[in-house]
Each structure stands twice: as C-alpha cells, then as structure tokens.
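Take this note's numbering: the final residue in the sequence shown is number 164, and no numbers are missing along the way. We treat Cβ as the ideally placed atom computed from N, Cα and C, and that holds for glycine.
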Amino acid sequence: MPINLKVNGAVRSVDAEPDTPLLYVLRNDLELNGAKYGCAMTQCGACTVLVNGAARRSCVTPAGSLDDNDIVTIEGLGTLDKLHPLQKAFIDEQAAQCGYCTAGMIMTAADLLNRNPRPREADVRAALADNLCRCGVHNRIIRAVLRAAEQIGKSKS
C-alpha cells in the first residue's frame with residue numbers, strides 16, 4: 008500500500024503497510040541510515056527524528072500515521088556545505104566516539120533548541136536523559152549542545 012511521506016522537504020512515496028515503523032521505511036525504503044535501530048522500545052533514542060519539529064522515536068511510530076507531517080532526519084538537518092550548528096558543535100567538541108547514538112542525540116537536542124534556544128546545562132541534561140550513549144561521551148555531548156545554543160543565540164541577535 009503506498010504511503011506518502013514528506014521527508015527532509017521532499018514528498019516520497021513508499022510501498023509499505025501503514026503500521027510499518029517509520030525507522031524501517033527511512034532505512035530500508037528511503038536509504039536514510041542516520042537514524043539507528045537500537046532497542047525498538049523507545050528506550051535508547053538512537054532512532055530519533057523530528058516530526059513537525061518535535062523529537063519522535065521512529066522505531067515505534069507507524070509510517071502510515073504521518074501523512075501531512077514534516078519529517079526531518081539527521082540527513083536533512085544540515086548539509087555538508089552548511090552544517091547545522093549542532094552538527095558543527097558535535098564535531099568541534101568531538102562528541103561522537105562510536106557514533107551510534109549521535110544522530111538521535113542531535114535530533115533530540117534540535118527539539119530542545121526549537122523549544123528553548125537558551126537552555127541551561129540542567130535543561131540539556133534533562134532533555135537528553137532518555138538517550139543512551141554507551142561510549143561515555145555524555146559530557147562532550149552536553150558541551151556540544153550548549154555550544155550550539157550559543158551559536159544559534161548569536162545568529163538570532
């Protein structure tokens with residue numbers, strides 16, 4: 008059954024059952040592999056994408072429920088020529104070790120910065136509390152999000 012999804016600004020049609028998890032459609036049908044399969048139970052955050060600007064775990068979100076929604080993956084957040092401030096900050100802070108959690112961390116942080124462009128460290132820690140990083144670079148991730156927030160704040164001033 009065809010499902011039409013607006014992903015990273017483009018409408019894409021895929022042949023999938025409506026209850027197919029968005030994560031599977033993104034990775035298998037659209038070849039967008041930034042969101043990762045982690046736990047399939049919303050407990051790790053590796054699959055996080057933005058739906059209408061809000062963080063959503065794609066592993067449990069039925070693709071068929073997303074008609075007329077704007078879906079953004081890590082691939083659509085910035086470009087190689089113009090990185091999103093979060094992507095640049097993660098690079099500058101070396102906030103990725105194995106990289107498995109990185110896309111989910113960045114997308115969750117993007118949701119936070121959409122809602123609160125000037126977060127305190129406690130806000131960042133609370134927002135990312137349900138995203139797991141097995142490599143232990145949480146402190147660098149926190150610094151990266153705060154750096155990006157500073158950059159975003161400067162560009163809006």
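Open item on the list: Check for me: the alpha helix (DSSP H) holding arginine 34 runs from which residue to which?
Closed with: Per DSSP, arginine 34 belongs to no alpha helix (DSSP H) and is neither H nor E.
Task: Cβ-based burial, glutamate 157 [other Cβ within 10 Å; buried from 16] - done: By the 10 Å Cβ count, glutamate 157 comes out exposed.
Open item on the list: Just to confirm, is the Cβ distance from aspartate 130 to asparagine 121 under 7 Å?
Closed with: In this structure, asparagine 121 does not lie closer than 7 Å to aspartate 130 by Cβ.
Task: Under 7 Å between C-beta atoms of leucine 51 and cysteine 105 - done: One point to set straight first is that residue 51 is cysteine, not leucine, in the sequence displayed. With a cutoff of 7 Å on beta-carbon distance, cysteine 51 and cysteine 105 are scored as not near each other.
Task: Simplified DSSP assignment, three categories, for aspartate 118 - done: In this structure, aspartate 118 counts as helix in the three-state DSSP scheme.
TODO: Compute the Euclidean distance between the alpha carbons of glutamine 101 and threonine 27, then round it to the nearest angstrom.
DONE: For glutamine 101 and threonine 27, the distance between alpha carbons rounds to 35 Å.
Task: Alpha-carbon to alpha-carbon, asparagine 146 and valine 56 - done: Their Cα atoms are separated by approximately 22 Å.
Task: Nearest neighbour of proline 69, chosen from Ala103, Leu30, Asn40 [CA to CA] - done: By alpha-carbon distance to proline 69, the top candidate from Ala103, Leu30, Asn40 is Leu30.
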